[in-house]
Amino acid sequence: MKKALIEEHFRSNSAALQGFGDYIYSQAAGKVGELLYGSAGKRVAQVGCGAVALYNALKFIGRDMPLPEIIRELERLRAVRLGGRFGTRALTMRRFFRLHGVEYKLYLSPNRFKEALPRCRIAIVCSFNDRILDGMHFFCVYYRGSDDTYRAINYKYSTGETVFPIEKIRRERFAAAYCL
């Protein structure tokens, strides 16, 4: 992606999201959904789940970074798949974490990930949608001890934090997960 386009997206996205700092429960909601991501002219509402998951996870661990900066960084790192037509590359988030000094553990096995999840502060999960042709989706999962449940943020078509049954993480849909 050309540097000029990356910076144009950054300026536009920063102006649109000025003053925003909440968790993002739905990548399609409000101003967030209209942000630009990738060179293919796509919006966060369509292909921005990876950037949104990264934003939410960083916020959760106290390493807040504005979403427009995350988008710019992912575009610079060439983490957008086919210009953003298919969102964010699951395995290139490692470069972002290393660049920003974020400790993480990558899991490519759903069973190992499920064993590790109770020890994660928060996890970014990448899994195939119900129909594989619909691509993949990134979302965050964390354990809430007060009611002994796992919670998901930006899970599929949710508009808020949702209870997440761990059994939904299945081998045939699982692509990767990062524990932070």
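Position 180 of the sequence shown, counting from 1, maps to 177 under the working numbering, and the rest follow consecutively.
Glycine included, every Cβ here is placed at the ideal spot set by N, Cα and C.
Y104 is bridged by DSSP to A174. Non-local beta-carbon contacts of A25 in its own chain, meaning distances under 7 Å to residues more than five positions away in sequence, involve A42 in chain order. Y22 and N126 do not touch by the CB rule: their CB atoms are close to 18 Å apart, not below 8 Å. Shortest Cα-Cα distance from F110 to any of S124, H97, G98 and V99 involves S124.
Looking from the CA of E100, the closest CA among A13, F7, S143 and L55 belongs to L55. With distances taken between CA atoms, L103 lies nearest to L177 out of Q15, R118 and L177. Leaving aside the five residues that flank R86 on each side, the residues in its chain whose CB is nearer than 6 Å to its CB run, in chain order, A76 and R78. With 16 or more neighbouring CB atoms inside 10 Å of its own CB, P107 falls in the buried class.
Counting of Cβ neighbours within 10 angstroms places I58 among the exposed residues, the total staying below 16.
In the DSSP assignment, I163 falls outside any beta strand (DSSP E) and carries neither an H nor an E. About 6 Å separates the CB atoms of I68 and Y34; that is less than 8 Å, so the two are in contact. In summary, P115 is exposed, with fewer than 16 beta-carbon neighbours lying within 10 Å of its beta-carbon over all protein chains present. Take F161, set aside five residues on each side of it, and the residues of its chain with a beta-carbon closer than 7 Å to its own are V138, Y147, R148, A149 and Y152, in chain order. One Cα belongs to F171, the other to V122, and the distance between them is close to 8 Å.
The beta-carbon separation of L74 and A173, rounded to 16 Å, does not stay under the 8 Å limit for a contact. Here E31 has A13, R40, V41 and A42 as same chain residues with Cβ atoms under 8 Å from its own Cβ, once five neighbours each way along the sequence are excluded.
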